[in-house]
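A short worksheet on the structure shown next.
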Amino acid sequence: MLLAREVVSYISKQLVKSLTPATIETSNPDLVAEKIAEVISEELAVEDRLNDEVRDLLSQYSEYMRREGVSYQEMFRRIKNTLISQRKVVKASGRDTGDAMKLSRDKVSDMSHKIIEMLRKSHDLRLRNKDSNAVRLEIVRQMTEVLMTEEKVDRAARAKIRTQKRDIPEGSEEWDILLRRYYAEELKKLGIDIAGR
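In this note's numbering, the protein residues as written are 3 to 199.
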């Protein structure tokens, strides 16, 4: 998933905190945050499942790609883009679309529509602000704010790895371990503890 489960939980709690009590009224804010986290997680899982499907397809053609000298990454990108287009999936990765955050602005907007839909149908809260678009725009603003902070955390963690005395290749097991550790340290500075799951 593009975002750690703890970051999704943090985003959800921040949304509930910013929307309560002016926009939504609830006796159980934790349950509402869980429901928002479910919507976000499901939306991120769509692209994860698509990636798995593309990997399965490519595994069937690995011999052909090797023989023809076709790049795995290029074929992965082409097939994924074709499936995204056919299925009308909103691309989640912001880096693929040139956005500064891990999630694309289109995906954040798409999620905001789905969160509003869930909030309207939920029996665990009452929407005080009947202007759904105003609430949706506030959700987009809050999510974008958290995602920009998360992007800074990610950049800081990657910068720490680059300051090591020796070169650690990105994508290596050591890189991944250090990235998780430094990412967790940076998040902890913001009060998000992913080590104490």
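The C-beta atom is built at its ideal place from N, Cα and C for all residues, glycine as well.
**Prompt:** Would a C-beta distance cut-off of 8 Å place Leu192 and Leu105 closer than the cut-off?
**Reply:** no
**Item:** Three or more C-beta pairs below 8 Å linking the stretch 115-127 and the stretch 25-39
**Value:** yes
**Request:** Starting from the Cα of Arg57, find the closest Cα among Arg157, Phe78, Glu175, Met150 and give me that residue.
**Result:** Phe78
**Request:** Grab me the residues of Pro171's own chain with a C-beta within less than 7 Å of its C-beta, minus the 5 sequence neighbours each way, in chain order.
**Result:** Trp177
**Message:** When you compare the CB positions of Ala94 and Lys109, do they come within less than 8 Å of one another, or not?
**Reply:** yes
**Request:** List the whole-angstrom C-beta distance separating Ile194 from Glu36, where the pair is believed to meet the contact cut-off of C-beta under 8 Å.
**Result:** Not really, about 17 Å apart at Cβ, beyond 8 Å.
**Residue(s) in a DSSP beta bridge with Ser95** = Leu105
**Message:** Just to confirm the assignment, what range does the alpha helix (DSSP H) spanning Asn53 have?
**Reply:** 31-62
**Message:** Suppose you measure from the CA of Arg164 to the CA of Leu181; what does that come to, to the nearest Å?
**Reply:** 10 Å
**Message:** Can you give me the C-alpha to C-alpha distance between Arg143 and Leu149, rounded to a whole angstrom?
**Reply:** 10 Å
**Prompt:** Taking the alpha-carbon positions, what's the Lys140 to Met67 distance?
**Reply:** It should be noted that the sequence gives Glu, not Lys, for residue 140. Distance between the alpha carbons of Glu140 and Met67: 47 Å.
**Request:** For Arg168, name the three-state secondary structure that DSSP assigns.
**Result:** coil
**Request:** Enumerate in chain order the residues of its own chain whose CB-to-CB distance from Asn30 is below 7 Å, with the five nearest sequence positions on each side excluded.
**Result:** Asp126
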